[in-house]
Amino acid sequence: MPLYQDFSTDDAIILIWSFDENEEFDHQKLIEPENRARVERFLPEKLAEYLMIRTMLKRIYPDHKILYKTIGQPYLLPKDAFISITHSFPLAALAISKKRIGIDLEKATPKIIRIKEKFLHPNEHLWIPKDHEVDFLTIIWVIKEALYKLHASKYWSLKMHYEVEKFTLDSLDEVKCRVFDDEFEDNYIAKVTTIDDVYFATIEENHKINYKIPRDKKMF
203 MPLYQDFSTD DAIILIWSFD ENEEFDHQKL IEPENRARVE RFLPEKLAEY LMIRTMLKRI
263 YPDHKILYKT IGQPYLLPKD AFISITHSFP LAALAISKKR IGIDLEKATP KIIRIKEKFL
323 HPNEHLWIPK DHEVDFLTII WVIKEALYKL HASKYWSLKM HYEVEKFTLD SLDEVKCRVF
383 DDEFEDNYIA KVTTIDDVYF ATIEENHKIN YKIPRDKKMF
């Protein structure tokens, strides 16, 4: 299985791998006993994504495994680091960090237009250009998905509790975003990378900017 991209930082290991149909996976070694019932229901592509993630993990931490909380959130065992996983076949990505981290990747396709009302905050409607709508929607989507994975609140509505500040396609290294409710908000900086027609978002916890502030003093 070839390494596709390595976006590791000083604080996190961030890897993306690409599926190879000639790759042979050791199912017995890679499928954790605790997850076997879950995996039995997977279709071939989803199973391949699952196995790619575990293969990456075993090459970094051979004695660790990925399990799931009751809400479906993955966690690392032993619990000595935070993880985030994402996949959009044929790609799969894994992030391991001492700090909370969220990653997400998605291929840009017109189908995202059909679901935009489910995740766009009203403010975001005001600045998305029609001539690049698919790209902007996909970027907003991956940022919000990464925020959801990172943030402890797990607010159900990407539309009501997650917002991305206006950005341009040539300035994706530092995209401001936030998670908020009626009383407080947490601010973050997302880094978005373009991989062919796929957008990949990474958000790392940073206590210099990730602090709760009253809504009347909000960042944007």
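In my numbering, the protein residues as written are 203 to 422. By construction, the Cβ of each residue, glycine as well, lies at the ideal position given by its N, Cα and C atoms.
Are the CB atoms of residue i and residue j nearer to each other than 8 Å?
i, j, result
"Asp388", "His363", "no"
"Tyr263", "Leu269", "no"
"Ala348", "Thr396", "no"
"Trp358", "Glu308", "no"
"His323", "Lys361", "yes"
"Trp329", "Lys301", "no"
"Ile341", "Tyr390", "no"
"Phe291", "Phe227", "no"
"Ile255", "Leu296", "yes"
Using the Cβ count rule (16 or more neighbours within 10 Å means buried), how would you classify residue i?
i, result
"Ser286", "buried"
"Glu242", "exposed"
"Lys420", "Residue confidence for Lys420 is low, a pLDDT of 47 falling below 50, so the modelled location carries little weight; the figure read from the coordinates is stated next. Under this definition Lys420 is an exposed residue."
"Arg417", "At Arg417 the pLDDT is 47, less than 50, meaning the model places this residue with poor confidence and gives no usable figure here."
"Leu289", "Position check: residue 289 holds His in this sequence, whereas Leu was assumed. With 16 or more other Cβ atoms within 10 Å, it is buried."
"Leu339", "buried"
"Lys267", "buried"
"Ala392", "buried"
"Arg380", "buried"
"His353", "buried"
"Arg261", "exposed"
"Leu259", "buried"
"Ile315", "exposed"
"Ala250", "buried"
"Asp212", "exposed"
"Leu279", "exposed"
"Trp373", "Reading off the sequence, residue 373 comes out as Ser, not Trp. Its Cβ having fewer than 16 others within 10 Å, Ser373 is exposed."
"Trp219", "buried"
Measuring only the C-alpha atoms, how far is residue i from residue j?
i, j, result
"Ile317", "Ile215", "32 Å"
"Ser355", "Thr272", "15 Å"
"Ile233", "Leu253", "8 Å"
"Thr311", "Ile345", "16 Å"
"Glu247", "Lys231", "19 Å"
"Phe321", "Tyr350", "12 Å"
"Gln207", "Asp306", "14 Å"
"Asn325", "Glu319", "12 Å"
"Pro237", "Glu407", "In the sequence under discussion, the amino acid at residue 237 is Asn, which differs from the Pro named in the question. About 28 Å."
"Pro235", "Asp265", "14 Å"
"Ser210", "Pro331", "32 Å"
"Leu371", "Asp333", "12 Å"
"Leu217", "Lys281", "20 Å"
Consult DSSP for residue i and reduce its assignment to one of helix, strand or coil.
i, result
"Asp333", "helix"
"Trp343", "helix"
"Leu293", "strand"
"Thr404", "strand"
"Ile268", "strand"
"Glu278", "According to the sequence provided, residue 278 is Leu. The question's Glu does not apply to it. Note: Leu278 maps to strand in three-state DSSP."
"Leu307", "strand"
"Tyr357", "coil"
"Tyr263", "coil"
"Thr257", "helix"
"Glu376", "coil"
"Ile298", "strand"
Taking DSSP's pairing of strands, which residues face residue i in a bridge?
i, result
"Tyr252", "Partner(s): none; Tyr252 has no beta bridge."
"Asp208", "Leu217"
"Thr396", "Tyr401"
"Val241", "Answer by DSSP bridge pairing: none, since Val241 is not bridged."
"Asn325", "The partner list for Asn325 (beta bridge, DSSP) is empty, contrary to what the question assumes."
"Ile285", "Ile298"
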